[in-house]
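Residue numbers (the numbering used here): 54 to 121.
Below is the structure:
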């Protein structure tokens, strides 16, 4: 069961955390779902971070105060 967050209570992740999550998801022996579950994040957030990083590099990842 997934936690439901009230408006404005979304978890915030640092750029470093996002980069590490994407790096782990890119390893050949791991899936995005597996990495997301291990890190306690949604697979949709991790997929979004991967798309943003691939599209614009590190500049594509929003700053730490972004709540995605």
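In this text, a Cβ means the ideal position worked out from N, Cα and C, and glycines have one as well. Small disclaimer: the values here were computed from a predicted structure and weren't measured.
Taking residue 89 as the reference, which of 99, 82, 80, 81 has the closest Cα? Looking only at 99, 82, 80, 81, the smallest Cα-Cα distance to residue 89 is reached by 99.
Does residue 82 come out as helix, strand or coil in the three-state DSSP assignment? Three-state result, residue 82: coil.
So, for residue 85: in the same chain, excluding its five sequence neighbours on each side, which residues have a beta-carbon less than 8 Å away from its beta-carbon? Counting only residues of its own chain and dropping the five nearest sequence neighbours on each side, residue 85 has a CB closer than 8 Å to the CB of 78, 96, 99, 100, 103.
For residue 75, collect the residues of the same chain with a Cβ closer than 6 Å to its Cβ; drop the 5 residues on either side in sequence, then sort them by chain order. Within the same chain, and ignoring the five residues on either side of residue 75 in sequence, the residues whose Cβ sits closer than 6 Å to its Cβ are 102, 103, 106.
What span of residues does the alpha helix (DSSP H) with residue 101 cover, start to end? 96–109 is the extent of the alpha helix (DSSP H) around residue 101.
Could you name the residues of the same chain whose beta carbon sits closer than 6 Å to that of residue 64, not counting the 5 residues immediately before and after it, in chain order? Here the set comprises nothing.
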